[in-house]
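Numbering (my numbering), first residue to last: 4 to 313.
Here's the structure we're looking at; comments come further down.
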């Protein structure tokens, strides 16, 4: 049987990480190793000091790094070198596994040769705002889909959409394409996905593979997140130049507004517009980051550590 490892970067872990580990150990398709790359040892040790879960299993490997060492691309790339399995899954430490068939459903399109990468559906619950629930459903619908190079013209930037919140990779293809980018503020998953698609392989959205993952961001948090998104695109024109992206955002806003009206929640449309405006401003500022003073960049970014070296 082909083997699979799971890679989880962590920072200030919470009970969600415990739940993730517990569910990964119960999967119908067994996980070979769980590789945890933790940023700042003191927080990790403090959280786990009265918990025995790490000692309960012999397949958990933990490596600690300093905050200044973390990079969305390089850290995951380093973690992959610690894996010797045929496939690996990248997860985040807040993506709660919902059932025992996550790995099986995520791995199926790879085992069948349909794709080189697959990514999971991100589900929400009632504590998510109605707008956030719609956005997640828009980006992660009920129907699975295969994306290839022939879909770039039709889908634009969405052709490269993939999320390391929970995504599986064919290790041999990953290696042949050079792996994750060495330095990026954000978006290592889409940068890798673009390599995969341009090389003639497929990206599979596996809707039956499900994790619980959402955020109720404030407007300023949305601005900062989208600033980093814009920066990542500006830093990698070889991936994003010439691929339309803003039209997709407008389409989502229109669809979400229609959804709110159907739900008799039209009073939320101003919130949607304001929230989207903050996203757009953040994105455009990120795209133009080279024109901004360092002081302004540090006010706008979510990832201040990144700018110490850039």
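All residues carry an ideal CB built from backbone N, CA and C; glycine is no exception.
Straight-line Cα distance separating residue j from residue i
i: residue 272; j: residue 263; result: 7 Å
i: residue 295; j: residue 310; result: 13 Å
i: residue 75; j: residue 53; result: 30 Å
i: residue 267; j: residue 103; result: 37 Å
i: residue 146; j: residue 210; result: 6 Å
i: residue 265; j: residue 205; result: 35 Å
i: residue 292; j: residue 45; result: 33 Å
i: residue 237; j: residue 185; result: 16 Å
i: residue 67; j: residue 84; result: 15 Å
i: residue 21; j: residue 140; result: 26 Å
i: residue 28; j: residue 269; result: 44 Å
i: residue 251; j: residue 51; result: 42 Å
i: residue 179; j: residue 91; result: 15 Å
i: residue 297; j: residue 30; result: 46 Å
i: residue 274; j: residue 48; result: 40 Å
i: residue 302; j: residue 198; result: 32 Å
i: residue 173; j: residue 125; result: 21 Å
i: residue 148; j: residue 43; result: 38 Å
i: residue 399; j: residue 142; result: Shown here, the chain extends from 4 to 313; a query on residue 399 therefore has no answer.
i: residue 221; j: residue 135; result: 11 Å
Residue nearest to residue i in terms of C-alpha spacing, selected from the options
i: residue 299; options: 227, 244 and 242; result: 227
i: residue 55; options: 235, 149 and 18; result: 18
i: residue 194; options: 220, 225 and 162; result: 162
i: residue 230; options: 280, 128, 242 and 171; result: 280
i: residue 278; options: 224, 312 and 232; result: 224
i: residue 171; options: 282, 28, 89 and 23; result: 89
i: residue 86; options: 143, 243, 51 and 177; result: 177
i: residue 312; options: 16, 70 and 207; result: 70
i: residue 240; options: 26, 4 and 187; result: 187
i: residue 192; options: 181, 167 and 203; result: 167
i: residue 127; options: 219, 42 and 248; result: 219
i: residue 253; options: 42, 242 and 276; result: 276
i: residue 4; options: 114, 134 and 274; result: 114
i: residue 38; options: 16, 15 and 65; result: 65
i: residue 152; options: 242, 133 and 43; result: 242
i: residue 248; options: 261, 222 and 286; result: 286
Proximity below 8 Å, CB of residue i to CB of residue j
i: residue 308; j: residue 73; result: yes
i: residue 123; j: residue 109; result: yes
i: residue 190; j: residue 235; result: yes
i: residue 7; j: residue 106; result: yes
i: residue 160; j: residue 284; result: no
i: residue 40; j: residue 82; result: yes
i: residue 207; j: residue 144; result: no
i: residue 100; j: residue 26; result: yes
i: residue 288; j: residue 203; result: no
i: residue 200; j: residue 150; result: yes
i: residue 165; j: residue 196; result: yes
i: residue 290; j: residue 182; result: no
beta-carbon residue i near the ligand GDP non-hydrogen atom, thresh 7 Å
i: residue 271; result: The ligand GDP is not part of the structure shown, which contains no ligands of any sort.
Contact with chain B by residue i, beta-carbon distance below 8 Å
i: residue 204; result: This model lacks chain B altogether; it includes just one protein chain.
Problem - Cβ contact (3+ pairs, closer than 8 Å) linking the segment 47-61 and the segment 141-157 - result: no
Handout entry: Contact between the segment 82-99 and the segment 8-18 (3+ Cβ pairs under 8 Å)
Key = yes
Handout entry: Sufficient close CB pairs (3 or more, under 8 Å) joining the segment 206-218 to the segment 251-260
Key = no
Exercise for the section: Mind the definition here: the segment 33-45 touches the segment 111-121 only if three or more C-beta pairs lie below 8 Å; say whether that holds. Expected result: no
Exercise for the section: Could you tell me which uninterrupted alpha helix (DSSP H) segments, each at least 4 residues in length, are contained entirely in the segment 101-132, listed from first to last along the chain? Expected result: 105-114
Problem - Those runs of the alpha helix (DSSP H) which lie wholly inside the segment 179-262 and span at least 4 residues - result: 191-201, 222-238 and 240-243
Exercise for the section: Could you pull out every unbroken beta strand (DSSP E) segment of at least 3 residues lying fully inside the segment 12-85, listed in chain order? Expected result: 37-42 and 63-68
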